[in-house]
Every structure is written in C-alpha cells, then in structure tokens.
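> Each residue of the sequence shown is one higher than the one before, counting from 0 in numbering that gives the first Met the number 0.
One structure coming up, written as structure tokens, with questions to follow.
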Amino acid sequence: MPITGELIRRLRIEVGLTQAQLAELVGVSQAHIAKIEQGKVDPRLSTVNRILRVLTEKRVKKCGDIMTRNVISAKPEERITEISEKMVRHGISQVPVIDRGRVIGTVTEESIMRRLGSDIANQTAEEVMTSPLPIVDENMSVEKVKALLGKHQGVLVSQNGKIVGIITRSDVLKALCLPLEWTNIKE
C-alpha cells in the first residue's frame, strides 16, 4: 500500500492526534502536515519516516487497552467447589489466588481436573493452586505479552503494584480482530 497524504491523515485521526500535535511531535509546522495530507507537497523521505515513527508509536496497543478489568479471584482458604462455581458462572478457566493483596497462585481448570477423584470438594485453593500467573505493567505492549501467553493461560496486569486486570489468549485474539496493521486500513 503506498503511503499517501490520505493514509497519513487516516492514521493521525485513528491515533487521536490533531495536525498541530503531530506537527509538534515530528518537528514541522502544522501547515506542512496539512499540505502533506492534502497531497499538495511531496515531503522529504526523512519527514515521512518521522511521521510514520510517531504514528506507529501511538498505534501500539498496551496491556491496559485490552485487559479485562474485573478480575475474579479466590482466597487461599476458599473451597474448590466455590471456585469452580465462580469459574462456570463467569465463563473463565483460571482464577488468581490472592492473599492480603498479594498474588500467591492460580487455580486453573487443569489443576482442578488433575485432582478429580480425590476429595476435591473439601480441598481449598491453597491445596490445588499452581504457580501465579505472570504480572505485567498496564503500559507493556501487547506484542511482548504474546510470548508469555505461549507459556501461560493468562497474565495479570498491574498498575502501581495493584492488580487491575487480566489478559487471556482470548483477549489477544479479540484485539487481533481490530485493525492493528496499516494494511488493514481501507483506502
């Protein structure tokens, strides 16, 4: 897809910048950005590269953009039967175990299934939980989280040390349906 003034305009609008804001970030005048978008000037390659760098940086999705905010969690002493009911009711496959604001483990469908046949009904989260899910900052890019999701069922998202969300593979798949690449922008 050729880089045109119209494409630059669409990308600028998509990331929520005004012509003046883009001009300031790129180091050119607002009038120059307007002329580029209208196709009235043929900008230098270095100017186009700076514009695209700014627009690319603004388009990168952050964990905070795609996370599920209401994290369903369990306490260490909570019974597995109660946790299973939560999982079914909310349609989730893992639940972080939190003790006094600290993530200490994860109860997953798999960890419950491994214990079926034993006295699972009387077991607690603390007895069945596996390692905690990784914790990432809300400003981390979604691209970096993809690698973690290859090894883990989800990642917890923190803001100033407090858990504020969770990202699962499903959340990333939903985000991929949104236009992340310039090639998805229709001319």
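Every residue, glycine too, gets a C-beta built ideally from N, C-alpha and C.
With three or more beta-carbon pairs closer than 8 Å as the criterion, would you say the segment 32-39 touches the segment 103-115?
no
> Give me the DSSP bridge partner(s) of Pro-133.
Answer by DSSP bridge pairing: none, since Pro-133 is not bridged.
> Quick one, are the C-beta atoms of Glu-137 and Ser-157 less than 8 Å apart?
yes
> Whole-angstrom Cβ separation of Pro-131 and Val-94, contact assumed at under 8 Å?
Not really, about 11 Å apart at Cβ, beyond 8 Å.
> Compute the Euclidean distance between the alpha carbons of Glu-56 and Val-27, then round it to the nearest angstrom.
18 Å
> Answer yes or no: do Ile-71 and His-89 have a C-beta to C-beta separation smaller than 8 Å?
yes
> State the beta-bridge partners of Val-102 as determined by DSSP.
Ile-97
> So who's on the other strand from Ala-30, going by DSSP bridges?
DSSP, once it has assigned bridges, lists no residue as partnering Ala-30.
> Here's the rule I'm using: 16 or more other beta-carbon atoms within 10 Å means buried, otherwise exposed. How should Thr-17 be labelled?
exposed
> For Val-171, which residues in the same chain have their Cβ closer than 8 Å to its Cβ, ignoring the five residues on either side in sequence?
Answer for Val-171: Ile-65, Val-141, Val-144, Lys-145 and Leu-148, listed in chain order.
> Considering just the uninterrupted stretch of the alpha helix (DSSP H) at Leu-24, what are its terminal residues?
DSSP places Leu-24 in the uninterrupted alpha helix (DSSP H) bounded by 18-25.
> Note the first and the last residue of the continuous beta strand (DSSP E) segment covering Gly-164.
161-167
> Alpha carbon to alpha carbon, how far is Val-127 from Ile-79?
8 Å
> Would a C-beta distance cut-off of 8 Å place Gly-164 and Arg-68 closer than the cut-off?
yes
> Give the DSSP bridge partners of Arg-78, in chain order.
Thr-123
> Please list, in chain order, all residues of the same chain as Arg-8 whose beta carbon is under 8 Å from its beta carbon, the five residues on each side excluded.
Glu-36
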